[in-house]
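Below, the structure written as structure tokens:
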């Protein structure tokens with residue numbers, strides 16, 4: 002080693018070496034190293050640098066655990082911040098945030114929905130969509146919202162909307178803006194479209210509905226659609242415009258008949274009961 006190289010190596014060794022007296026939270030061990038008084042693990046260690054043994058500082062067990070705990074708390078805070086943002090972006094109707102598995106009846110539809118969430122990785126990979134169909138008030142939207150909220154809590158980007166909202170948003174847009182708006186749905190790992198069939202039946206509206214469905218098809222990402230239409234109406238549409246839409250839907254989604262009890266009627270009866278109790282009627 003040249004004199005210059007030796008001088009540089011010596012400077013580095015001195016910079017990294019740690020020779021000091023113990024603080025009030027440390028003590029000197031029999032091996033000549035400083036130890037933490039709390040966890041009794043070393044805060045110094047010996048290393049070989051350029052052929053010379055040196056004592057350098059290291060992190061004791063309790064400091065490592067504190068740092069790991071701090072990082073875990075930061076990760077949890079970041080996850081909760083992301084979840085809040087995902088909910089704000091994905092569910093605009095705030096009452097839907099209360100439709101969760103925790104308050105659901107344990108029926109076959111909810112059990113199916115839970116399995117959908119539990120197997121989400123496979124569902125997403127294989128692009129497994131659902132078409133939840135059935136009478137009004139049987140819990141189709143509730144079931145879909147339960148899925149949305151559970152996935153949002155896991156940090157998955159979900160958008161739950163309906164074609165009435167989509168068409169209203171697109172009404173004031175130019176063609177390029179409409180395309181970008183439709184393409185933006187691909188930012189969501191799961192798209193939930195509620196109440197297919199209630200939108201306007203104009204030529205323009207049906208064209209935009211097909212554009213949204215077709216763009217989702219091209220994205221290769223799953224979609225859940227709810228509808229009050231019967232499966233016979235979906236499989237045997239009355240015109241070509243609806244046939245194009247429903248054919249795409251059936252290609253993307255497995256039909257699931259939701260036949261729960263009339264949830265809206267039950268909620269209405271509960272509210273009536275509460276009013277009578279509060280007002281002593």
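In this note's numbering, the protein residues as written are 2 to 282.
Every residue gets a Cβ at the ideal spot worked out from N, C-alpha and C, and that includes glycine.
Only a predicted model underlies this, so the values are computations on that prediction, with no experimental measurement involved.
Rounded straight-line distance, which links the Cα of residue j to that of residue i
i: residue 259; j: residue 138; result: 10 Å
i: residue 6; j: residue 45; result: For residue 6, the predicted structure reports a pLDDT of 47, less than 50, and the residue's modelled location is therefore unreliable. A value from the coordinates is still provided. Their Cα atoms are separated by approximately 27 Å.
i: residue 202; j: residue 244; result: 13 Å
i: residue 81; j: residue 74; result: 10 Å
i: residue 196; j: residue 127; result: 24 Å
i: residue 228; j: residue 70; result: 47 Å
i: residue 37; j: residue 72; result: 22 Å
i: residue 145; j: residue 63; result: 46 Å
i: residue 124; j: residue 90; result: 22 Å
i: residue 184; j: residue 65; result: 45 Å
i: residue 200; j: residue 206; result: 7 Å
Residue i, buried or exposed, once every other Cβ within 10 Å from all chains shown has been counted against 16
i: residue 21; result: exposed
i: residue 142; result: buried
i: residue 43; result: buried
i: residue 25; result: exposed
i: residue 231; result: exposed
i: residue 188; result: exposed
i: residue 112; result: exposed
i: residue 210; result: buried
i: residue 156; result: exposed
i: residue 174; result: exposed
i: residue 163; result: buried
i: residue 16; result: Annotation note: pLDDT 49 at residue 16 (below 50); position unreliable, coordinate value reported separately. With fewer than 16 Cβ atoms within 10 Å of its Cβ, residue 16 is classed as exposed.
Helix, strand or coil at residue i according to DSSP, with G and I counted as helix
i: residue 156; result: coil
i: residue 113; result: helix
i: residue 55; result: strand
i: residue 45; result: strand
i: residue 224; result: strand
i: residue 21; result: coil
i: residue 98; result: helix
i: residue 232; result: helix
Sub-7 Å separation of residue i and residue j beta-carbons
i: residue 249; j: residue 225; result: no
i: residue 131; j: residue 257; result: yes
i: residue 87; j: residue 191; result: no
i: residue 150; j: residue 101; result: yes
i: residue 114; j: residue 167; result: no
i: residue 161; j: residue 246; result: no
i: residue 35; j: residue 54; result: no
Contact with chain B by residue i, beta-carbon distance below 7 Å
i: residue 249; result: Of the chains in the structure shown, none is chain B; there is only one protein chain.
List, from N- to C-terminal side, the alpha helix (DSSP H) runs of 4 residues or more that fit wholly inside the segment 122-178.
141-154 and 164-171
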